[in-house]
Amino acid sequence: MPITGHCLCKAVTYTVDVDAPLITAYDHCDDCQRQSGSTYSLVTVFPKDKLTINGPTKSWAGKGSSGHAVHRIFCSECGSPIAHDPDAAPEIIAIKAGTLDTEIKKKLKPDTEIWTVSKLPFCQESLAHPFKHMPE
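As structure tokens, then:
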């Protein structure tokens, strides 16, 4: 069964033709904190070639720690962040888990933390697989 989701205004929808994410991670990087306006961003990572996005998107590219661009995709109507697409890992894309359809979100089980080097000190709970940066 494909995984589906949409932005806040529903102008952007997407489908990922897989049964489950590769990982579901708390992303503590400073860029995700700023983009989400929160202490971390919950992301679900998928093979990029399985994703289809429909609707009006824009993207902004910043430089990741690898020195390569990270493209942040968002709805051009409501501004909801949809995904980040790192040039350093061209085979994957990280979908912002908050945009998944509600019944799918309810079944998520975060299994990884990334960029714990940027984790805020009051976020103490850890998962079994924390990484100081991106997993290699």
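Using full-length UniProt numbering, the first residue of the sequence shown is number 1, and each one after it goes up by one.
Note that beta-carbon positions come from the ideal geometry of N, C-alpha and C, so glycine has one too.
Sheet register partners of residue i (DSSP bridge)
i	result
K58	F74
H6	T13
L42	Y26
A97	A97 pairs with nothing; no bridge assigned.
Residue i versus residue j - alpha carbon distance
i	j	result
T15	C123	32 angstroms
K107	D101	11 angstroms
T52	L8	18 angstroms
V117	Y40	12 angstroms
P90	K119	25 angstroms
I114	T24	10 angstroms
V18	D27	22 angstroms
T99	M1	17 angstroms
residue 151	P47	Within the shown structure, residues of the chain are numbered from 1 to 136, placing residue 151 beyond reach of any answer.
7 angstroms Cβ cutoff met for residue i and residue j
i	j	result
V43	A88	no
D85	H71	yes
C75	A11	yes
Close Cβ partners of residue i (< 7 angstroms) along its chain, the five nearest in sequence each way excluded
i	result
A83	I73, I93, A94, I95, K96
S65	H133
Own chain residues within Cβ distance below 8 angstroms of residue i, not counting five before or after
i	result
I104	I3, T4, G5
K109	T24
Beta-carbon contacts of residue i that lie in its chain and below 6 angstroms, excluding the five residues immediately before and after
i	result
A69	A61, D87
C29	W115, S118
request  = Could you say if the stretch 45-59 and the stretch 72-80 meet the contact criterion of at least three C-beta pairs nearer than 8 angstroms?
outcome  = yes
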